[in-house]
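Residue numbers (the working numbering), protein chains in the order written: chain A, 2 to 295; chain B, 853 to 1159. A virtual CB, placed ideally from N, CA and C, is assigned to each residue, including glycine.
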């Protein structure tokens, strides 16, 4: 009887300990979430403040009256709208060009047999290790010779040629996992390589293609360095990331019009966040795929 | 004999042209956008006064003078190299360790834990240029929200990016914001480790530390190694200071002046294209040596099986 009650008390104690430790874990997790999300919330809040509020020396976490008009001003009075359209044009082009050209090349590595395949594959993997700065400077000269500086060409045309070693590699890995039976059956039926690519392999690559497309979107949406190198003249077309970059480096960022800059920042962050919300699964799998290549 | 040869050639073409045709975008792309630029880069690094006049490139050959300048004449280089080395040596391990503990925290079956994983990963989705804008704003000495809060409890003001002594540490602090990416990699590594290893260790009375040293780390080496290699390549080329550091990315007293920013400045702000190319080649050689060193000290690398 006594033993039983001791046992009961023990298990109750264990249960209580478990609840305590669970509670502490939640507390730490919530604290970390607050710390990691605070900058984002602060950016949203500051983007809704008046120009007087942002220079107020007191702590101001929230605007007295949210200035939604800041966002309208951003698009009407500045070059944000034009810059967004330029960015979207680059993205639209690459959303088609990159998946198509990368999967054509990946198909040649995964599903076709030809002399030179291993050599090309090794060469491609070799370029993945090559620092971008090595090719970037001579590319500037080459583009200048072609008359591509201050145009959108450096951000579009090169992507017709494979779209990037990493994407080809991921697509090739995925295609190798597709059973050969279907491909072989189509081959016996006399289907050409192009037909087998277009009607069998390409559609089956949908999960990786989504990852590639979301990544292409995010990469070009946030690219400020490319335009800084290839499109920095005052009369060149501007991209959104470049405008945000110039605005943030031009003046003392915490004071002059920082509410407007924050509005630009919020606009730039919301789109990737929405993409993440929709394609969370593919993106996380993609991070893992590119992080562990085996 | 001749007929035999030409039929052999025809057979070779018949068997291989489809593959090459599909591969053509890459073959042309590698040639035009990688190999030719790499050779150009090497040539430029041996030249000075590189200009484009009416579509023609003119330059003056100066031999290895650019390379001599890097190590013997350029007074900025010392600071740039020290900054880049410190940044690489601190930020990579810091990120690996911090993201490991974050992954450990959310590697439970508690209710709602998935939502926290999303919260922690979310900062990684914010474009770098916005991150720079935001942290520069929050770290401002006078108007920044951190100094206002610290002032409220009687501390500060701290100068963060605006003081040469605290600038680099502030970058490490800022980078902690992005540990969600590393967390995801760790979580997937945990997932690949069988439960039974831990159960066996627990039966032997192993504590959390022993499990970390003897199971988790050894079983995650492939992920760690691959990550270290890509991080080293990426971090040595880090130019993010352009978005938040004063003096066009150099920071006070060059305290945030990184190697990649140096290349950018020499090429595009000082018009020293040849010198910038020699800097890029030194970086290429260093990255190559580090990669070889890392690969030779680890026995893993596996790029999928041949069909």
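For residue 911 of chain B, report the span of its alpha helix (DSSP H) as first-last.
Counting along the chain, residue 911 of chain B falls outside any alpha helix (DSSP H), though it belongs to the beta strand (DSSP E) covering 908-913.
So residue 1114 of chain B packs on residue 1088 of chain B, CB below 8 Å; how close in whole Å?
Actually they do not touch by this definition, with Cβ atoms about 12 Å apart.
Compare the C-beta of residue 1159 of chain B with all C-beta atoms of chain A and state if any pair is closer than 8 Å.
For residue 1159 of chain B, the predicted model reports a pLDDT of 36, less than 50, meaning its position is unreliable; a value from the coordinates is still stated below. Taking Cβ atoms only, chain A reaches closer than 8 Å to residue 1159 of chain B, which makes this a yes.
Give the single residue among B/1143, B/934, B/1134 and B/1041 whose Cα lies nearest to the Cα of residue 956 of chain B.
That would be B/1041, whose Cα lies nearest to the Cα of residue 956 of chain B.
Below 8 Å on C-beta distance, what does residue 950 of chain B contact in chain A?
Ordered by position in chain A, no residue passes the 8 Å Cβ test against residue 950 of chain B, which lies about 11 Å from the chain.
Taking the alpha-carbon positions, what's the residue 1015 of chain B to residue 95 of chain A distance?
Each residue's alpha carbon lies about 41 Å from the other.
Any beta-carbon of chain A closer than 8 Å to the one on residue 1029 of chain B?
Chain A, which has a Cβ nearer than 8 Å to the Cβ of residue 1029 of chain B, makes this yes.
Report all residues from its chain with a CB closer than 7 Å to the CB of residue 1153 of chain B; omit the five preceding and five following residues, and keep chain order.
Only weak support exists for where residue 1153 of chain B lies, its pLDDT of 42 falling under 50; the value from the coordinates is given anyway. For residue 1153 of chain B, where only same-chain residues beyond five positions count, the Cβ hits under 7 Å are 1147.
May I ask you to verify whether the region 962-978 of chain B touches the region 1050-1061 of chain B, counting CB pairs closer than 8 Å and requiring at least 3?
Counting Cβ pairs under 8 Å, fewer than three are found: no touch.
With residue 211 of chain A and residue 283 of chain A assumed to form a contact (beta carbons below 8 Å), what rounded beta-carbon distance in angstroms separates them?
Confirmed, about 5 Å.
Using the Cα positions of residue 100 of chain A and residue 110 of chain A, report the straight-line distance between them to the nearest angstrom.
Taking the straight line from one Cα to the other gives about 15 Å.
Using only the alpha-carbon positions, how far apart do residue 905 of chain B and residue 228 of chain A sit?
C-alpha separation (whole angstroms): 22 Å.
Please classify residue 875 of chain B: is it buried, with 16 or more other beta-carbons within 10 angstroms of its beta-carbon, or exposed?
Answer is buried; the Cβ neighbour count reaches 16.
Would you call the CB atoms of residue 263 of chain A and residue 44 of chain A closer than 8 Å?
Contact: yes.
When burial is assigned at 16 or more other CB atoms within 10 Å of the CB, is residue 879 of chain B buried or exposed?
So residue 879 of chain B counts as buried.
Would you call residue 218 of chain A buried or exposed, if buried means 16 or more other Cβ atoms sit within 10 Å of its Cβ?
Classification of residue 218 of chain A: buried, given that the 10 Å Cβ count is 16 or more.
According to DSSP, what are the bridge partners of residue 903 of chain B?
BP columns for residue 903 of chain B point to B/910.
Under 9 Å Cβ-Cβ, which residues of chain B neighbour residue 109 of chain A?
Here the neighbours are 870, 871, 872, 873, 874, 875, 876 and 878.
Kindly provide the ranges of any alpha helix (DSSP H) runs that are 4 or more residues long and lie completely inside the region 209-290 of chain A, ordered along the chain.
If we require 4 residues or more, the alpha helix (DSSP H) runs fully inside the region 209-290 of chain A come out as 226-231 and 241-251.
Any beta-carbon of chain A closer than 8 Å to the one on residue 799 of chain B?
Residue 799 of chain B lies beyond the range of chain B shown here (853 to 1159); nothing can be said about it.
Interface residues of chain B around residue 40 of chain A at Cβ under 8 Å?
Here the neighbours are 975, 986, 987, 990 and 1029.
Report all residues from its chain with a CB closer than 8 Å to the CB of residue 152 of chain A; omit the five preceding and five following residues, and keep chain order.
Taken in chain order, the residues that qualify are 232, 237 and 238.
Is there contact between the region 1071-1079 of chain B and the region 1029-1047 of chain B, where contact requires at least three CB pairs shorter than 8 Å?
Touching, yes, given that three or more Cβ pairs across the two stretches are closer than 8 Å.
How many angstroms separate the CA atom of residue 66 of chain A from the CA atom of residue 51 of chain A?
The straight-line gap from Cα to Cα measures roughly 8 Å.
Does chain A have any CB closer than 8 Å to the CB of residue 866 of chain B?
Cβ-Cβ to chain A under 8 Å: no for residue 866 of chain B.
Which word fits residue 255 of chain A, buried or exposed, when buried means at least 16 other C-beta atoms lie within 10 angstroms of its C-beta?
The predicted position of residue 255 of chain A is uncertain, since its pLDDT is 48 and thus under 50; no value can be drawn from it.
In or out: residue 1012 of chain B buried (at least 16 other Cβ within 10 Å) or exposed?
With 16 or more Cβ atoms within 10 Å of its Cβ, residue 1012 of chain B is classed as buried.
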